[in-house]
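Asks: If you read the sequences in order, they're chains F and L. First residue of the first sequence: 1, per full-length UniProt numbering; consecutive thereafter. First residue of the second sequence: 1, per full-length UniProt numbering; consecutive thereafter. Here it is: the structure, laid out below.
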Amino acid sequence: MTTVAEQLSTTTLLRFATAGSVDDGKSTLVGRLLHDSKSVLTDQLEAVEHASRNRGQETPDLALLTDGLRAEREQGITIDVAYRYFATARRRFILADTPGHVQYTRNMVTGASTAELAVVLVDARNGVVEQTRRHAAVAALLRVPHVVLAVNKMDLVDYAEPVFAAIAEEFTAYASELGVPEITAIPISALAGDNVVEPSAHMDWYGGPTVLEHLETVPVAHDLTACHARFPVQYVIRPQSAEHPDYRGYAGQIAAGAFRVGEQVTVLPSGRTSTIEGIDALGEAVDIAWAPQSVTLRLADDIDVSRGDLIAPSTDAPEPTQDVEATVCHVADRPLSVGQRVLLKHTTRTVKAIVKEIPSRLTLDDLSQHPTPGQLVANDIGRVVVRTAEPLALDAYADSRRTGSFLLIDPADGTTLAAGMAGRSFASTATVNTVADEEGWDF
Amino acid sequence: MTTAATTSSEGVDGSFALSHLDSLESEAVHIFREVAGEFERPVILFSGGKDSIVMLHLALKAFAPAAIPFSLLHVDTGHNFPEVLEYRDRAVARHGLRLHVASVQEYIDRGVLRERPDGTRNPLQTLPLTEKIQAERFDAVFGGGRRDEEKARAKERVFSLRDEFSQWDPRRQRPELWQLYNGRHAPGEHVRVFPLSNWTELDVWQYIAREKIELPEIYYAHEREVFARNGMWLTAGEWGGPKESEPVQTRLIRYRTVGDMSCTGAVDSDATTLDAVIAEIAASRLTERGATRADDKMSEAAMEDRKREGYF
Chain F
1 MTTVAEQLST
11 TTLLRFATAG
21 SVDDGKSTLV
31 GRLLHDSKSV
41 LTDQLEAVEH
51 ASRNRGQETP
61 DLALLTDGLR
71 AEREQGITID
81 VAYRYFATAR
91 RRFILADTPG
101 HVQYTRNMVT
111 GASTAELAVV
121 LVDARNGVVE
131 QTRRHAAVAA
141 LLRVPHVVLA
151 VNKMDLVDYA
161 EPVFAAIAEE
171 FTAYASELGV
181 PEITAIPISA
191 LAGDNVVEPS
201 AHMDWYGGPT
211 VLEHLETVPV
221 AHDLTACHAR
231 FPVQYVIRPQ
241 SAEHPDYRGY
251 AGQIAAGAFR
261 VGEQVTVLPS
271 GRTSTIEGID
281 ALGEAVDIAW
291 APQSVTLRLA
301 DDIDVSRGDL
311 IAPSTDAPEP
321 TQDVEATVCH
331 VADRPLSVGQ
341 RVLLKHTTRT
351 VKAIVKEIPS
361 RLTLDDLSQH
371 PTPGQLVAND
381 IGRVVVRTAE
391 PLALDAYADS
401 RRTGSFLLID
411 PADGTTLAAG
421 MAGRSFASTA
431 TVNTVADEEG
441 WDF
Chain L
1 MTTAATTSSE
11 GVDGSFALSH
21 LDSLESEAVH
31 IFREVAGEFE
41 RPVILFSGGK
51 DSIVMLHLAL
61 KAFAPAAIPF
71 SLLHVDTGHN
81 FPEVLEYRDR
91 AVARHGLRLH
101 VASVQEYIDR
111 GVLRERPDGT
121 RNPLQTLPLT
131 EKIQAERFDA
141 VFGGGRRDEE
151 KARAKERVFS
161 LRDEFSQWDP
171 RRQRPELWQL
181 YNGRHAPGEH
191 VRVFPLSNWT
201 ELDVWQYIAR
211 EKIELPEIYY
221 AHEREVFARN
231 GMWLTAGEWG
241 GPKESEPVQT
251 RLIRYRTVGD
261 MSCTGAVDSD
271 ATTLDAVIAE
281 IAASRLTERG
291 ATRADDKMSE
301 AAMEDRKREG
311 YF
């Protein structure tokens, strides 16, 4: 007989983000997912009902479930990303619910950075609007692998297929052009419950999955053979005990791909090579391990390896560089300027760096580019050129989200200034960059 | 060929997928190792409750076969369940750990803190905790808080910066992107770190079952002398309860959370095994704090207010 514990431990985990404003029915959709999967418990619902009544609202305002801060409740707005947790028999979900108004870009970039899937909501009556295009752009920039377009309020357009089809087509064309690899459009009514958890009785013309079905079945594993294998070293384990006098293991979380015992590897940035002698997967010796497992690698040769180094297959190691070109989202209240000295945190390595250029700033609404803005302010997205004091084993973000991303940090007080994605993106396709590079503009 | 784990569900998605417990475990281990790599004097808050026991288990796995490079800190309210103190001391001895204790009773005896009229000592823990962090110069303090527990905690970062007074300013939190945790802090400041941020109560119990982690007996159904207060069953004991108007009775109960005896309620339960506990939680219509914590019923912002002042 399988025990409850065994049944529950065969489920997988999906991290996803929702984007949209209250007007699109996002709270209603999230509320329905939580409520219909029985993830809102009685005391939470009572607390929300009580608080809603105190505010003179007739129906419970489900946003109050996670608008946990006093300032949020007082102002009736969501200030910060809220994480919500729910589960079905097949999967556990971590939902990063990003607010639509305040610090919009910063919050959606934060939520999307760890998401495997993003739900973008549109109102069927309004279709694709400026905000929808912003959502698509952030999902594309952050390389969220799966995007769901939830066309909401279908009940208000008589569940008409042509309305849905036109919106789905317009959005898919726009998002595909930005590089979103997979788009699934679903016609729903969050309020009436159509195609959220239960299939709709009003839309026979739609044969696809409900939102929850899609969330439960979308693949969470990547094709590891197609990924560059990457292992940032977090910590060196050396017990120096009587039992383990010579044990020396490199602890870390596999950032991408898979590693096998016997594989030849290169340690970066030093370039030294060795062979994987053993892989300890939290107490169990294994022959293969893959992302995102936390493991300890043991190498055949006694070479110098420390925190901040990257272990990669010798046949597929990145070229260390001190010149980083990237798209960044500025997340701090103080600006980022040309010439500014910063710290750059990449995987487990933090190095000094200087902002050499800010070639352009992007307007998310229409993807127009503004050359040489001089600085970036809160919620700006722009291109930067950074020179680091030491070489970094950096991948293009397009190839590896985990080893192509970095933070820029203010060395004075540790404030996180910007979130960076190395390499090219649609924000770098305009001519401004090329011109800047060719003419060698010097700031 | 062995693959990484009997428990990972290779095949669920037709390829290399991890089970949700393996994903959460890997994330927590990553967090422990980041702290070990970046901080000078980390410490694990250890109450003997299930969340801190799971934290200790994860830390042991993260650094095996070496010892944990952290010590433990127990904030002792003086109203402890004896079973939990015994468990704490056994764990410390078994793993050769160093234990620091910050004692609320000592602060009361010195006249620095005063007993509250309602007898609850949970809010009194903040000062001894803060002063111990300052005195020992701890720069990273692991807590077992989970975002699913309480709505103020839902907005907490994994790495949460505290000023020299241990205060939390929810509006000045650093955005946390990818798995890049920013732990930079000025001298005197410290960072609270929550490796179980993304776990739910059910995940914790499933993990305890999978890893066969021993818990204090009070988490399983047992007969106990209790009395009713604020809709919860409190243990009769030396800490101050019951009052004359509160009749004592013997009931079959268990604890869903373990904290100060004066404000931690038991629930009626006949779950004597792990499987029974998991089945009970999966079917429960109340959150663990809603069911068992008097301190969170004080106001809509009770937890936020305590957290701002430096509480766990």
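We put the beta carbon where it would ideally sit given N, CA and C, even for glycine.
Going by other Cβ atoms of all chains shown within 10 Å of its Cβ, with 16 needed for buried, is L/ARG285 buried or exposed?
Replies: exposed
Asks: Strictly under 8 Å for the Cβ-Cβ distance: is F/ILE299 near chain L by that measure?
Replies: Per the sequence shown, the amino acid found at residue 299 of chain F is Leu instead of Ile. Chain L contact via Cβ: absent.
Asks: Mind listing which residues of the segment 24–46 of chain F have their C-beta closer than 8 Å to chain L's C-betas, in chain order?
Replies: Listed by position along the chain: LEU41, THR42, ASP43 and GLN44.
Asks: Skipping 5 residues on each side, what residues in its chain have a beta carbon closer than 7 Å to that of F/ALA317?
Replies: THR266 and LEU268
Asks: Where F/PRO199 and L/PHE159 are concerned, what is the direct C-alpha to C-alpha distance, given to the nearest angstrom?
Replies: Taken atom to atom, the span from the alpha-carbon of F/PRO199 to that of L/PHE159 is near 41 Å.
Asks: Quick check on F/THR434 - is its C-beta less than 8 Å from some C-beta in chain L?
Replies: Bear in mind that the predicted position of F/THR434 carries a pLDDT of just 39, short of 50, making it too unreliable to give a figure here.
Asks: If you pair each beta-carbon of the segment 175–195 of chain L with each one of the segment 207–224 of chain L, do three or more pairs fall below 8 Å?
Replies: no
Asks: Listed from N- to C-terminal order along the chain, which residues in the segment 197–208 of chain F have their beta-carbon within a distance smaller than 8 Å of any beta-carbon of chain L?
Replies: Along the segment 197–208 of chain F, there is no position whose C-beta sits under 8 Å from a C-beta of chain L.
Asks: Go ahead and label F/VAL435 buried or exposed: buried means 16 or more other beta carbons lie within 10 angstroms of its beta carbon, across all protein chains shown.
Replies: With a pLDDT of 38 at F/VAL435, under the threshold of 50, the predicted position of this residue should be treated as unreliable, and no value is reported.
Asks: Closer than 8 Å is the cut-off here; do at least three beta carbon pairs connect the segment 16–24 of chain L with the segment 196–208 of chain L?
Replies: yes
Asks: Give a yes or no on contact between the segment 220–232 of chain F and the segment 284–297 of chain F, applying the rule of three or more CB pairs nearer than 8 Å.
Replies: yes
Asks: How about F/ARG272: is its C-beta nearer than 8 Å to some C-beta of chain L?
Replies: no
Asks: Excluding the 5 residues flanking L/ALA59 on each side, which residues of the same chain have their C-beta closer than 7 Å to its C-beta?
Replies: When the five nearest sequence neighbours on each side are left out, the beta carbons in the same chain lying within less than 7 Å of the beta carbon of L/ALA59 are those of PHE32, ILE44, ILE68 and PHE70, in order along the chain.
Asks: Apart from the five residues on each side of it in sequence, which residues of its chain come closer than 7 Å, Cβ to Cβ, to residue 332 of chain L?
Replies: What the structure shows of chain L is the stretch from 1 to 312, and residue 332 of chain L is not part of that stretch, so it cannot be assessed.
Asks: Checking the sheet assignment: what are the DSSP bridge partners for F/THR273?
Replies: F/THR266
Asks: Which same chain residues end up closer than 8 Å to F/GLU170 when comparing Cβ atoms and leaving out the 5 residues on each side of it in sequence?
Replies: GLY127 and VAL128
Asks: Helix, strand or coil: how does DSSP classify L/GLU176 here?
Replies: coil
Asks: Could you tell me whether the segment 111–121 of chain L touches the segment 167–180 of chain L, using the rule of 3 or more Cβ pairs below 8 Å?
Replies: no
Asks: Would the beta-carbon of L/GLU131 fall within 8 Å of that of L/ARG157?
Replies: no
Asks: Looking at the strands, I want to know which residues DSSP matches up with F/CYS329.
Replies: F/ILE381 and F/ALA419
Asks: Please report how far the alpha carbon of F/ASP437 lies from the alpha carbon of F/THR12, in whole angstroms.
Replies: Any reading at F/ASP437 needs caution, since the residue's pLDDT is 38, under 50, leaving its predicted position unreliable; the model's value is listed next. Taking the CA atoms as reference points, F/ASP437 sits about 45 Å from F/THR12.
Asks: Could you tell me which chain F residues have their CB closer than 7 Å to the CB of L/GLU217, listed as they occur along the chain?
Replies: Chain F residues near L/GLU217: none, gap ~19 Å exceeds 7 Å.
Asks: Using C-beta distances below 7 Å, list every residue in its chain close to F/VAL286, excluding the 5 sequence neighbours before and after it, in chain order.
Replies: ILE279
Asks: From F/LYS345 to F/VAL236, what distance separates their C-alpha atoms?
Replies: 19 Å
Asks: Can you grab the Cα-Cα spacing for the pair L/ASP109 / L/ARG137, in whole Å?
Replies: 24 Å
Asks: What does F/HIS244 reach in chain L if we use C-beta pairs closer than 9 Å?
Replies: PRO65 and ALA66
Asks: Quick one: Cα of L/ILE133 to Cα of F/TYR83, how far?
Replies: Looking at the two C-alpha atoms, the distance is approximately 29 Å.
Asks: Whose Cβ in chain F lies nearer than 9 Å to the Cβ of L/LEU56?
Replies: In chain order: nothing, as chain F lies at least about 14 Å away.
Asks: Mark F/ASN54 as exposed unless 16 or more other C-beta atoms lie within 10 angstroms of its C-beta, in which case mark it buried.
Replies: exposed
Asks: Leaving out the 5 sequence neighbours to the left and right, which residues in its chain are closer than 8 Å to F/THR132 when beta-carbon positions are compared?
Replies: VAL120, VAL122 and PHE171
Asks: Tell me whether L/THR273 is buried or exposed, calling it buried when 16 or more other Cβ atoms sit within 10 Å of its Cβ.
Replies: exposed
Asks: With 16 other CB atoms within 10 Å as the buried threshold, where does F/PRO187 fall?
Replies: buried
Asks: Secondary structure at F/ASP365, three-state DSSP: helix, strand or coil?
Replies: F/ASP365: coil per DSSP, three-state reduction.
Asks: In whole angstroms, give me the CA-to-CA distance for F/ALA168 and L/LEU202.
Replies: 38 Å
Asks: Quick one: list the residues of chain F neighbouring L/PRO175, beta-carbon separation under 7 Å, in chain order.
Replies: Near L/PRO175 (Cβ distances below 7 Å), the residues of chain F are ARG106, THR110, VAL331 and THR416.
Asks: I'd like to know whether the C-beta of F/TYR397 is nearer than 8 Å to at least one C-beta of chain L.
Replies: no
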